[in-house]
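A.B. asks:
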Amino acid sequence: MDVQFWIDKVLGLDLEVFHFLSYNLFFFGIVVVISLQFLSTPYGRYARGGWGVEVNANLAWFIQEIPAFLVPILLVYYVECPKLAHTPNKILLGLFLFHYFQRSIIYPLLIRGGKPTPLIPFVLAFVFCVCNGYLQAGYIIKYADFGSKWMWNLRFYLGVCLFFMGMFTNLQADHILRNLRKPGETGYKIPRGGMFEYVSGANFFGEILEWFGFAVANGSISAFSFFFFTLCNIGPRACHHHQWYKQKFEDYPPERKALIPFIL
2 MDVQFWIDKV LGLDLEVFHF LSYNLFFFGI VVVISLQFLS TPYGRYARGG WGVEVNANLA
62 WFIQEIPAFL VPILLVYYVE CPKLAHTPNK ILLGLFLFHY FQRSIIYPLL IRGGKPTPLI
122 PFVLAFVFCV CNGYLQAGYI IKYADFGSKW MWNLRFYLGV CLFFMGMFTN LQADHILRNL
182 RKPGETGYKI PRGGMFEYVS GANFFGEILE WFGFAVANGS ISAFSFFFFT LCNIGPRACH
242 HHQWYKQKFE DYPPERKALI PFIL
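In our numbering, the protein residues as written are 2 to 265.
1) Please name the residue in E55, I106 and L181 whose C-alpha comes closest to that of E66.
2) Would a C-beta distance cut-off of 8 Å place T170 and M152 closer than the cut-off?
3) So, with DSSP's three-state summary, where would you put V161?
4) Exposed or buried, L265, counting other C-beta atoms within 10 Å across all chains shown (16 or more means buried)?
5) For V200, write down the residues that DSSP places opposite it in a beta bridge.
6) Roughly how many angstroms lie between the CA atoms of Y246 and T231, to the nearest whole one?
7) So, helix, strand or coil for E55, using DSSP?
8) Rounded to whole angstroms, what is the Cα-Cα separation between P237 and F147?
9) Which residue from I177, N219 and E256 puts its Cα closest to that of N90?
10) What are the boundary residues of the alpha helix (DSSP H) that includes V124?
11) I think V200 touches K258, with their Cβ atoms under 8 Å apart; what is that distance to the nearest whole Å?
12) Short of 6 Å in beta carbon distance, which residues of its chain neighbour V11, apart from the five on each side in sequence? Order them along the chain.
13) Judging by CA-CA distance, which residue of H100, E55, R156 and L155 is the nearest neighbour of F165?
14) Can you give the Cα-Cα distance for I261 and S36, rounded to whole angstroms?
15) Going by C-alpha distance, which of F250, A239, F263 and N234 is nearest P122?
16) In or out: C240 buried (at least 16 other Cβ within 10 Å) or exposed?
17) Where K150 and F157 are concerned, what is the direct C-alpha to C-alpha distance, given to the nearest angstrom?
18) Taking the C-alpha atoms as reference points, what is the distance between D175 and V33?
19) Mapping the DSSP letters down to three states, classify L155 as helix, strand or coil.
20) Once you ignore the five residues that flank F214 on each side, which residues in its own chain have a CB closer than 8 Å to its CB?
21) Report yes if the CB atom of Y24 is closer than 8 Å to the CB atom of K84, and no otherwise.
22) From what residue to what residue does the alpha helix (DSSP H) around G30 run?
Here it is as structure tokens:
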């Protein structure tokens, strides 16, 4: 394999590289959703041995998520950004950076008593954030084209609205989960309020809605592959949570669904 050839393509933001990464995200999404039918991801309440040494939860979240914030910034600084002169491209890149600033810098500071993350899922998350940060930002700054009439592009505005609805839902759910226990309390409780009144995985529903909105606004294969992978990765986790809650709590709300209100 000609390593220099691929290095030139990556640094040159070659469209062939973006297509390669996008199609592989779809493929790995399918692999992940099939795998998660037989096992749960080994962190948090499902943590178990055999997945490597454990990393502090706060530190793990920061290190594994920060590439998705830093890689786009490095791309903007070091490579040509012909499409970044357009307002919608700036907005889309801003949305991506806004999410990962919150997820990599603010969220780890708010974690209280989080269980350590095993090394293998930690490394996999880090690699994913490196590749996805490159894929999403690189496509936006060089290829995303909304045309001269983007101001009347209703798809763009709909996607942005869905993104913020999802982010609000995700942040609200995280806040509810962080405040379930009073100081000194241990154990699990039934989350209530917000979207938790409708689904067990309110935080997961919010993040999936975020990236669906991002994909709608963007309209690219790269953004839809990210949404699809997110759905395949954390959708099953919401279902695992739902079954776990129902087994643990006899009074768990019977009308509550796992991930999609009133449906699933």
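Glycine is no exception: its CB is placed at the ideal position from the N, C-alpha and C atoms.
Treat the numbers as computed from the prediction; the structure is a model and nothing was measured.
C.D. replies: So, to answer that:
1) I106
2) no
3) helix
4) exposed
5) K258
6) 22 Å
7) strand
8) 34 Å
9) N219
10) L120 to K143
11) 5 Å
12) V18
13) H100
14) 21 Å
15) N234
16) buried
17) 11 Å
18) 24 Å
19) helix
20) Checking the displayed sequence, the identity of residue 214 turns out to be Gly instead of Phe. Excluding positions up to five away in sequence, the list reads L159, G160, V161, C162, L163, F164, F165, M166 and G167.
21) no
22) L16 to S36
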